[in-house]
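Mind the numbering: the sequence shown is residues -22 to -1, 1 to 289 in mature numbering (1 follows the signal peptide of the UniProt record, and there is no 0), read in order. Worksheet: one structure, shown below.
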Amino acid sequence: MFFKHILLLTLSTLLFASSCKSDNPTPTATSPTEETGATAEKAAQKDAPSAKAPKGDIYPGFNFAALEPSEQERFVEVAKAELCPCPNMPESLHECLQKADQRCDLSEQAASHVAIKIKEGLNQTDTLASLASFLESTRKKHEFNLQNSPLKGSADAGIIIVEFADFECPHCREFSKTLDKAHKLHGDKIGVYFKHFPLSAHSNGRLAAQAAVAAHNQKKFWPMHDLVFENQRSLSPDRIMSFAQQIGLNMEKFTQDLNSAMTVAAVQADRAEGEKAQLTGTPTIYINGVKYMGDRSEEGFLKHLEELLKE
């Protein structure tokens, strides 16, 4: 089971690297010994080249070589049968994936989902059904407990953004700059909330989250947030203590709060909300409760916000 999880997680990471992946294994009835043996047998019996397999990486930015030739062939069949989920792209998934400058993040998520289901051995009908379920889940409206969450902007704004992030995730660091710019541009027209989703693959992610909670207790979450992200490649307990001193925290209170039961519970409560919403990685963004699956570049995200503000 664990081996299979790592295989599929690695595949999804290789296909499109736009987020730091979650670390929750998907339950399966297959035992680790059985799965390892089956995977080894599969590796020993690689697909022979298929005459119908597409030539080269036909989708820019998509590591098609992660799939065997026969899997590539099945992928293209599914992609041709599915409509592109991106707004204003009334064409097949196959066609829109070839337009790297126009496709949205949701199309890349859909492609990764299809590839994983093909790796799991699903046929075309079941893969399309699974994809339909996945796309439907992205339209679901979620409610989060924001009572004690750090906020930039106004809680009464017409647009409420909730970000789930890990302080050691480089994609989170980059997107934090986009959200900061959004707040500077739109002020109280939007509300930006932060939720903790530390990943176990990041050794100091949870401690950094606890430090941010402890700083929030002294109304200095955002200065701590910025310092931790700026220094995410060199985090350590000593560095985090130095950040607390740098932003002028009461060190006695900070030290008490850092590993307190209430702080640990606050981080875990955020993470539990993310797990309930079936997060697959960080950063994950919700706008008015709906998962944002559009362009996450600064230009694309800010343009989307401007369009929402006009409505």
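Note that the Cβ used here is the ideal one computed from N, Cα and C, for glycine as well. This structure is a prediction, so every number in the text was calculated from the model and none was measured.
inquiry  = Here's the rule I'm using: 16 or more other beta-carbon atoms within 10 Å means buried, otherwise exposed. How should H268 be labelled?
reply    = Position 290 of the sequence shown, counting from 1, holds the residue named residue 268. Here residue 268 turns out to be Val, not His, going by the sequence shown. By the neighbour-count rule (16 or more Cβ atoms within 10 Å), V268 is not buried but exposed.
request  = Please name the residue or residues paired with A193 in a DSSP beta bridge.
outcome  = Here residue 193 refers to the residue found at position 215 when the sequence shown is read from its first residue. Paired residue(s): none; A193 is not in a bridge.
ask   = Between G120 and K58, what straight-line distance do the alpha-carbon atoms span, to the nearest angstrom?
value = Taking the first residue of the sequence shown as position 1, residue 120 is located at position 142. Taking the first residue of the sequence shown as position 1, residue 58 is located at position 80. Contrary to the premise, residue 120 reads as His rather than Gly in this sequence. Approximately 31 Å, taken between the alpha carbons.
ask   = What are the boundary residues of the beta strand (DSSP E) that includes E98?
value = On the sequence shown, residue 98 is found 120 positions in, with the first residue counted as 1. Neither: E98 is in no beta strand (DSSP E) and is coded neither H nor E.
task = Determine the burial state of Q224: buried for a count of at least 16 other Cβ atoms within 10 Å of its Cβ, exposed for fewer.
result = Locating residue 224 in the sequence shown gives position 246, counting from the first residue. Exposed.
query = From residue 295 to V245, what does the alpha carbon distance come to, in whole angstroms?
reply = This structure leaves residue 295 out entirely; the chain is present only between -22 and 289.
query = Under 8 Å between the Cβ atoms of L129 and T260?
reply = Stepping through the sequence shown from its first residue, residue 129 is reached at position 151. Stepping through the sequence shown from its first residue, residue 260 is reached at position 282. No.
key: Cβ distance (whole Å) where F142 is taken to contact L257 below 8 Å   = As a position in the sequence shown, residue 142 is number 164, starting the count at 1. As a position in the sequence shown, residue 257 is number 279, starting the count at 1. Rounded to the nearest angstrom, the Cβ distance from F142 to L257 is 6 Å, consistent with a contact under 8 Å.
ask   = Start and end of the beta strand (DSSP E) containing G169?
value = As a working note, residue 169 is residue 191 in the sequence shown. Here the beta strand (DSSP E) through G169 covers I168 to H174.
request  = With a cut-off of 8 Å on the beta carbons, I'd call H203 and A190 a contact; round off their distance for me.
outcome  = For this step, residue 203 is matched to residue 225 along the sequence shown. For this step, residue 190 is matched to residue 212 along the sequence shown. Contact flag correct, Cβ pair sits at about 6 Å.
key: Closest residue to K162 among S238, G131, A179 and C62 (Cα-Cα distance)   = Locating residue 162 in the sequence shown gives position 184, where the first residue counts as 1. Measuring C-alpha to C-alpha distances from K162 to each of S238, G131, A179 and C62 identifies G131 as the nearest.
task = May I ask you to report which of helix, strand or coil DSSP gives A143?
result = If you number the sequence shown from 1, residue 143 lands on position 165. In this structure, A143 counts as strand in the three-state DSSP scheme.
request  = Could you spell out where the alpha helix (DSSP H) holding T262 opens and where it closes?
outcome  = Here residue 262 refers to the residue found at position 284 of the sequence shown. Element bounds for T262: not the alpha helix (DSSP H) but the beta strand (DSSP E), T262 to I265.
task = Using a threshold of 8 Å, state whether the C-beta atoms of K197 and E276 are closer than that.
result = On the sequence shown, position 219 is the one that residue 197 refers to. On the sequence shown, position 298 is the one that residue 276 refers to. Not a contact, by the Cβ cut-off of 8 Å.
ask   = Can L157 and T116 be called in contact, C-beta distance under 8 Å?
value = What you label residue 157 is simply residue 179 of the sequence shown in a count that begins at 1. What you label residue 116 is simply residue 138 of the sequence shown in a count that begins at 1. No.
inquiry  = Tell me the DSSP secondary structure of L124 in three-state form.
reply    = Residue numbering aside, residue 124 sits at position 146 when the sequence shown is read from its first letter. Assignment of L124 by DSSP, reduced to helix, strand and coil, places it in the coil class.
inquiry  = Can you find the residues in the same chain that come closer than 8 Å, C-beta to C-beta, to A133, ignoring five residues on each side of it along the sequence?
reply    = Taking the sequence shown and counting its residues from 1, one reaches residue 133 at position 155. So the qualifying residues of the chain are L124 and G169.
query = By how many angstroms is the C-alpha of Y270 removed from the C-alpha of F53?
reply = Counted from its first residue, the sequence shown places residue 53 at position 75. Counted from its first residue, the sequence shown places residue 270 at position 292. So the alpha carbons of these two residues sit roughly 25 Å apart.
task = Pick out whichever of E55, I138 and L113 has its Cα sitting closest to the Cα of Y264.
result = Position 286 of the sequence shown, counting from 1, holds the residue named residue 264. Taking each of E55, I138 and L113 in turn and checking the Cα distance to Y264, the smallest one comes out for I138.
task = Report all residues from its chain with a CB closer than 6 Å to the CB of D235; omit the five preceding and five following residues, and keep chain order.
result = Mapped onto the sequence shown, residue 235 falls at position 257. Excluding residues within five positions, the ones whose Cβ falls inside 6 Å are A192, N195 and T241.
key: Endpoints, the alpha helix (DSSP H) within which K162 is located   = By one-based count along the sequence shown, residue 162 stands at place 184. Note, K162: alpha helix (DSSP H), P148 to H164.
ask   = Since G278 is in the alpha helix (DSSP H), which residue starts that stretch and which ends it?
value = Here residue 278 refers to the residue found at position 300 of the sequence shown. Its alpha helix (DSSP H) spans residues E276 to K288.
inquiry  = Buried or exposed, going by whether 16 or more other CB atoms sit within 10 Å of the CB of D35?
reply    = Within the sequence shown, numbered from 1, the residue matching residue 35 stands at position 57. Per the 10 Å Cβ criterion, exposed.
Integer-rounded CB distance, given that C62 should sit under 8 Å from E73 = For the purposes of this step, residue 73 is identified with residue 95 of the sequence shown, where counting begins at 1. For the purposes of this step, residue 62 is identified with residue 84 of the sequence shown, where counting begins at 1. Contact between E73 and C62 is confirmed by a C-beta separation of about 7 Å, below the 8 Å threshold.
query = Taking Cβ to Cβ, would you say K167 is nearer than 8 Å to L287?
reply = Along the sequence shown, one-based indexing puts residue 167 at 189. Along the sequence shown, one-based indexing puts residue 287 at 309. With respect to the 8 Å criterion, K167 and L287 are classified as neighbours on the basis of their beta carbons.
L129 - containing beta strand (DSSP E), residue span = Along the sequence shown, one-based indexing puts residue 129 at 151. Membership of L129 in the beta strand (DSSP E) is indicated by the continuous run L129 to G131.
task = Can you check DSSP and say which residues form a bridge with L61?
result = What you label residue 61 is simply residue 83 of the sequence shown in a count that begins at 1. According to DSSP, which records beta bridges pairwise, L61 is partnered with S70.
inquiry  = I'd like the list of long-range same chain contacts for I218, defined as Cβ closer than 6 Å, with 5 residues on each side in sequence excluded.
reply    = Position 240 of the sequence shown, counted from the start, is the residue given in the question as residue 218. Correct list, in chain order: A189.
ask   = Is G165 buried or exposed, if buried means 16 or more other CB atoms sit within 10 Å of its CB?
value = In the sequence shown, the residue the question calls residue 165 occupies position 187. Its Cβ having fewer than 16 others within 10 Å, G165 is exposed.
Limits of the unbroken alpha helix (DSSP H) element including Q102 = Within the sequence shown, numbered from 1, the residue matching residue 102 stands at position 124. Segment Q102 to S115, the alpha helix (DSSP H) holding Q102.
inquiry  = Am I right that L185 and P215 are in contact with their C-beta atoms under 8 Å? What's the rounded C-beta distance?
reply    = As a working note, residue 185 is residue 207 in the sequence shown. As a working note, residue 215 is residue 237 in the sequence shown. A Cβ-Cβ distance of about 7 Å is found for the pair L185 and P215, placing them in contact under the 8 Å criterion.
request  = Note down, in chain order, each residue of its chain lying with its Cβ closer than 6 Å to the Cβ of F171, except the 5 sequence neighbours on either side.
outcome  = Within the sequence shown, the letter at position 193 stands for residue 171. It is worth fixing the name first, because residue 171 is Tyr in this sequence and not Phe. Excluding its 5 nearest sequence neighbours in each direction, Y171 has C-beta neighbours in its own chain below 6 Å: L124, S127, L129 and V140, listed in chain order.
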